[in-house]
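Mapping of the sequence shown onto UniProt numbering: position 68 corresponds to residue 68, and the numbering continues sequentially without gaps. Here's the structure, in structure tokens; my notes come after.
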Amino acid sequence: MAGNTEDQTFFPTAAVTGSGRPVLLPNEVECQLLSAVDLEFEERSPPGIADLSPALKSGLLILTTHRLLWLPANSLNSSATAIPLSSVVHIFSPKKSIKSMFHSPRIRIQVSMHSRSMVVTLVVRGKGDLDGFLGKLFESWRGKAWEADTCVTGSVSGSSMGSGSSSGRGGIYSSDGTVKMAGLTGILRKEQENWESTDKSLQDAFRDLNALMSKAKEMVMLADKMRQKLLSSSNAQSSEGNDDETGSREEIQDMLLSVGIISPVTKESAGALYHQQLARQLADFVRIPLERAGGMISLIDIYCLFNRARGTELISPEDLQRACSLWEKFDVPVMLRKFDSGVMVIQSKAHSDEEVFARIRTLVTRPDALRTGISASDAAIALGIAPAMAKEHLLSAEIKGLLCRDISPDGFRFYANIFSEFDANSLYLVKDHSIYSAWVQAVSLRAI
């Protein structure tokens, strides 16, 4: 019957980003990837539940600390199938026999969901480290990272309930017999304890490299919490703070925003799919920097921002360029562009050069610009971009015929192109319109 709650797939679905990367849960980290994996079921689906067997063929299998995620080959604008590791009852050890030598490697797991048990077979038809994947699967399943999240949530709710009940009892003594710190003194003491805890976490994290790597996830979560607090405080105090305070607050927010990626794609986890998954993760990462840069940002800037966000999992310039070149094969909203001068940039597909040219045309038709021209620095200030990017836009406008260039010891100066307004049959005809007329007036004022 339509609308029946049982008329759904057996396993839950997982959201996918615009570039085809899975949306991870809080504290969830990727561990291993396998390509060309089929999901087969040793029994038919229950009545009223769609049969999954024909659909789950030759997809990408991602193992995380919380789930097994299966993404179809064309994962863009679609959802993934998730098998929570908490629902896995048993992982069968692979049996080696003569028959298994002539078949694709298989991993069998027993899943219990919706009061029903089912055996799922992972058929690996592509190339990959099957033994390493199986070892990571056992490690993640026995680690039970999802239970740690549940304990943290439970402790937070329990502490809130405890604080509520203690406040309801009233009095100046707490349950352990100590005197409560109420009023302003209590608030200051609580803030001091929070800062001491934060300072201790930072000291432990930066003691050595091993401690930093082990506490990287905690530091990212702490930075995100601080950023959210700054955002809320800036909205509440926007009318009271001055410009200097607002600028410093925004600078701190920018630094905290790029502190880190909780689960960066690595060669160890992705294997042969490293550059493909890196390209998808990079496409998701550049969305915010592109919005702030006006739709275009240099490849060097992205290299610095992306490596800073990845923490200790740095990538080489060759890996970055190769990942960007793979965007042509994926339906992502960004692209790699190379100017005639050789400068490479990352550009949003929604970016329009005509809009930039219109702003440049408005800039060069100002009276002072008609007299002295503009430099790349002038265009950078007006467009809000880097001088190197502004120079590339000016050179593109020159190729299009909108500007003329003058080379002097002081550098390049760009002027509005008025040669296109001359008519060979009436060279001496005085015009009282268009850019030529504005140029004559600007030069006449300078002469006076």
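From the three backbone atoms N, C-alpha and C, an ideal C-beta is built for every residue, glycine too.
Collapsed DSSP secondary structure at residue i in the structure displayed
i: I262; result: coil
i: E29; result: Checking the sequence, you will find Val at residue 29 rather than Glu. V29 falls in the coil class under three-state DSSP.
i: D406; result: strand
i: E313; result: coil
i: residue 449; result: Nothing can be reported for residue 449, as the shown portion of the chain is limited to 1 through 448.
i: L56; result: coil
i: P367; result: helix
i: E354; result: helix
i: A323; result: helix
i: E42; result: coil
i: H90; result: strand
i: R106; result: strand
i: G373; result: coil
i: residue 461; result: There is simply no residue 461 to check, as the chain begins at 1 and stops at 448 in what is shown.
i: R361; result: helix
i: S420; result: helix
i: residue 489; result: In this structure the chain extends from 1 to 448, so residue 489 is not present and cannot be described.
i: R125; result: coil
Rounded distance between the beta-carbons of residue j and residue i, thought under 8 Å
i: I107; j: L85; result: With 8 Å as the limit, I107 and L85 do not qualify as a contact, their Cβ atoms being about 13 Å apart.
i: T13; j: A73; result: Wrong, their Cβ atoms sit about 17 Å apart, outside the cutoff.
i: S298; j: A388; result: 7 Å
i: A309; j: P333; result: A309 to P333, Cβ: 19 Å. No contact.
i: L61; j: L24; result: 15 Å between Cβ atoms; not a contact.
Per-residue burial, residue i [other beta carbons within 10 Å of its own, 16 or more giving buried]
i: S316; result: exposed
i: S197; result: exposed
i: S87; result: buried
i: A397; result: buried
i: F133; result: buried
i: G171; result: At G171, the pLDDT of 45 sits below 50, so the modelled position is not reliable; the number obtained from the coordinates is stated separately. That one is exposed.
i: P264; result: buried
i: W195; result: exposed
i: L403; result: buried
i: E392; result: buried
i: S140; result: buried
i: L137; result: buried
Residue i, enclosing beta strand (DSSP E) - first and last residue
i: F412; result: 411-416
i: I288; result: Note, I288: premise wrong, no beta strand (DSSP E); alpha helix (DSSP H) at 287-293.
i: L61; result: 59-64
i: K338; result: 334-338
Residue range of the alpha helix (DSSP H) that includes residue i
i: H393; result: 387-400
i: S267; result: What sits at residue 267 in the sequence shown is Lys, not Ser. 267-270 is the span of the alpha helix (DSSP H), which, as asked, contains K267.
i: L383; result: 376-383
i: L68; result: First-last for L68: 67-71, but that is the beta strand (DSSP E), not the alpha helix (DSSP H).
i: R142; result: 130-143
Notebook entry, point to check: Is it true that the region 349-369 meets the region 28-41, where meeting means three or more beta-carbon pairs spaced less than 8 Å apart?
Noted result: No: fewer than three Cβ pairs fall under 8 Å.
Check: If we count Cβ pairs, one from each stretch, closer than 8 Å, do we get three or more for the region 365-373 versus the region 332-341?
Finding: With fewer than three CB-CB distances shorter than 8 Å, the region 365-373 does not count as touching the region 332-341.
Check: Is the region 262-279 close to the region 357-369, with three or more CB pairs under 8 Å?
Finding: They do not touch, by the three-pair rule.
Margin query: For the pair the region 113-120 and the region 19-36, tell me if three or more CB-CB distances fall below 8 Å.
Written below: No, the region 113-120 does not touch the region 19-36.
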